[in-house]
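This note's numbering runs 3 ahead of the 1-based position in the sequence shown.
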Amino acid sequence: MKKSVFWSVMLAVAGCVLVACGYSSKTYKPPSGLLQRVLASQSVSSPTAAAGLFIINGSNDTIGRGGISAGSSPGLMVTDPQRSVLLTFDSSTNRVGVVNTQRESLTGNVQLPGPTTSIVVPVSSVGYAAVPTAPLNGVPIGGLVAMNLTSGATTATITVPNARTVVSDSNGAQLLVFSNDSDSVTVVSPLLLNLGGPVTTTVPGFDRPVGGFFSGGNAYILNCGPECGGKQASVQILNLGTTPPTAGPAVAVDGATIGFLSGSTLYVAGVSPTNNLCTGETTTALTCGRLNIVDIGSMTVTSSAVITDGYHDHIDMGLGGQLFIGSYGCTNVGNVNNVQGEVRGCLSIYDTTNGNVTIPPDNGDVTGLQGFSSRYVEYVVEGGRLRVYDTTKDSLLLNSFISNGTIIITGVITDVKAIDFF
């Protein structure tokens with residue numbers, strides 16, 4: 004009897020350890036066997052490698068065993084805040100693949116009515132995609148497609164003509180949708196979909212807005228201005244506390260196609276039609292972009308820096324205060340395979356601690372960035388290659404696991420995302 008009680012207690016303790024008493028993610032190993040994982044989307048099949056998602060060891064940058072099938076042309080990837088779900092867009096079929104990151108497997112697909120370049124996942128069960136060509140009866144094309152990630156179905160297409168970009172608040176209660184060639188921002192309240200009330204509010208008074216950030220009850224909108232056929236690039240307040248929301252004050256900047264908000268500091272990148280000389284840089288490039296630093300509390304520009312040109316659409320802060328800024332269609336100089344002379348591409352690194360800018364010697368469009376909170380590296384996809392930068396030196400990482408800061412993967416890499424918190 005005593006022996007039976009003993010083993011019952013021991014089994015109960017074991018069950019508590021494994022299930023009810025704080026199961027530690029560090030004791031669980033997914034199929035790859037890695038605890039710090041990064042996924043890279045590779046979109047070209049060859050005799051030696053199939054398209055899909057490569058699993059990379061985030062602690063030493065080596066390629067892990069296995070991989071995840073995600074269609075024939077996976078590219079754009081996004082995750083939910085908990086990183087339990089990752090979505091990847093297959094441009095050949097307009098399907099969104101739903102990946103369970105714990106199991107490292109594709110659990111379903113959601114068919115979109117057209118291509119997208121912008122998806123958000125506020126919670127693990129729901130996603131939204133901006134589809135500019137979504138067909139709708141009796142109204143102009145374009146909409147925000149709501150996706151049930153559990154059933155793999157689209158649950159609604161919310162009318163937003165020419166919808167291009169979607170931004171979510173922290174819980175998905177409010178979304179901002181930005182349309183091509185528009186001077187308005189569409190505020191979407193998806194929780195009203197089943198309540199019969201108005202789901203969208205169109206707010207005029209902007210200048211070709213392309214993105215925004217929620218902060219302190221307001222949103223701060225990036226007005227693209229001349230780069231998108233408008234008049235003046237700026238950062239402008241969207242007052243969300245009024246009914247209906249209204250456009251507020253704006254502060255002019257050189258260009259505004261992408262931004263990164265850190266506290267009350269907003270870093271804004273773009274290209275000015277007039278202030279575009281490469282002053283202070285030794286380069287054969289004839290035009291350069293600008294990074295403006297904006298204090299959103301006072302709505303003033305506090306400083307600026309010269310960066311590469313092109314259309315800036317990627318930005319990320321690495322550990323140590325290194326801001327990585329990427330563009331496409333920039334001025335490429337030299338050849339990365341020829342070490343003689345200047346080599347220049349679409350990547351800029353801005354040191355937020357001293358204002359210095361580094362233009363690494365690499366070529367090509369930047370299509371993916373991923374930094375970490377506990378490791379001084381930044382993954383950069385540039386020209387279809389996956390690079391690893393040492394953020395303490397603003398140069399390619401040199402270690403015994405990878406060659407010249409490059410993770411060798413056959414094919415063309417499009418995006419990169421960490422699926423573990425580190």
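Glycine included, C-beta positions come from ideal geometry on N, C-alpha and C. Keep in mind that this is a model prediction, so the values were computed, not measured.
- [ ] Give the DSSP bridge partners of leucine 179, in chain order.
- [x] Val170, Val190
- [ ] Could you pull out every residue in the same chain whose Cβ sits closer than 6 Å to the Cβ of cysteine 24, ignoring the five residues on either side in sequence?
- [x] Caution applies to cysteine 24, whose pLDDT of 36 falls short of 50 and renders its modelled position unreliable; the model cannot decide the point.
Task: Straight-line gap, leucine 79 to glycine 55 (C-alpha atoms, nearest Å) - done: 12 Å
Open item on the list: Quick check: alanine 272 and threonine 260, are their CB atoms within less than 8 Å of each other?
Closed with: yes
Task: leucine 401 classed as buried or exposed, judged by whether at least 16 other C-beta atoms fall within 10 angstroms - done: exposed
TODO: Can you check DSSP and say which residues form a bridge with alanine 272?
DONE: Per DSSP, Ile261, Leu294.
Task: Strand pairing of methionine 302, partner residues [DSSP] - done: Paired residue(s): none; methionine 302 is not in a bridge.
TODO: Can you check the stretch 303-360 for any alpha helix (DSSP H) of at least 4 residues that lies completely inside it and give the ranges in chain order?
DONE: None, since the stretch 303-360 contains no complete alpha helix (DSSP H) of that length.
Open item on the list: In the DSSP assignment, the beta strand (DSSP E) including isoleucine 224 goes from what residue to what residue?
Closed with: 221-226
Task: Neighbourhood of alanine 137 by C-beta, 7 Å cutoff - its chain only, sequence neighbours within 5 removed - done: Pro116, Gly117, Ile144, Gly145, Gly146, Val148, Thr160
- [ ] For the stretch 278-285 and the stretch 320-329, state whether three or more C-beta atom pairs, one from each stretch, are separated by less than 8 Å.
- [x] no
Task: Member of Ser76, Gln105, Pro84, Gln85 whose CA lies at the smallest distance from the CA of threonine 91 - done: Ser76
Task: Under 8 Å between C-beta atoms of valine 339 and asparagine 366 - done: yes
Open item on the list: Which same chain residues end up closer than 7 Å to asparagine 183 when comparing Cβ atoms and leaving out the 5 residues on each side of it in sequence?
Closed with: Apart from sequence neighbours up to five positions away, the residues of its chain that approach asparagine 183 with a beta-carbon distance below 7 Å are Pro135, Asn165, Arg167, ordered along the chain.
Open item on the list: Here's the rule: buried if 16 or more other CB atoms are within 10 angstroms of the residue's CB, otherwise exposed. What is isoleucine 411?
Closed with: exposed
Task: Close-in-space but distant-in-sequence residues of the same chain around asparagine 174 (CB under 8 Å, 5 per side omitted) - done: Pro125, Val126
- [ ] Using beta-carbon positions only, say whether methionine 320 and phenylalanine 263 come within less than 8 Å of one another.
- [x] Result yes, Cβ atoms of methionine 320 and phenylalanine 263 sit closer than 8 Å.
Open item on the list: Between aspartate 298 and serine 275, how many whole angstroms is the CB-CB distance? I'm expecting something under 8 Å.
Closed with: 20 Å between Cβ atoms; not a contact.
TODO: Compute the distance between the beta-carbons of leucine 389 and tyrosine 379, then report whether it is under 8 Å.
DONE: no
Open item on the list: Mapping the DSSP letters down to three states, classify alanine 17 as helix, strand or coil.
Closed with: Because alanine 17 carries a pLDDT of 38, less than 50, the predicted location of this residue cannot be relied on, and the following value inherits that uncertainty. Helix.
Task: Presumed contact (8 Å Cβ cut-off) between glutamate 230 and threonine 287, rounded CB distance - done: About 23 Å; that fails the 8 Å criterion.
Task: Chain-order list of residues whose beta-carbon lies under 6 Å from that of threonine 355 (same chain, five-residue window excluded) - done: Within the same chain, threonine 355 has close Cβ partners Gly324, Leu326.
- [ ] Mind checking which residues open and close the beta strand (DSSP E) that includes phenylalanine 216?
- [x] 212-218
Task: Secondary structure of glutamate 381, DSSP reduced to three states - done: strand
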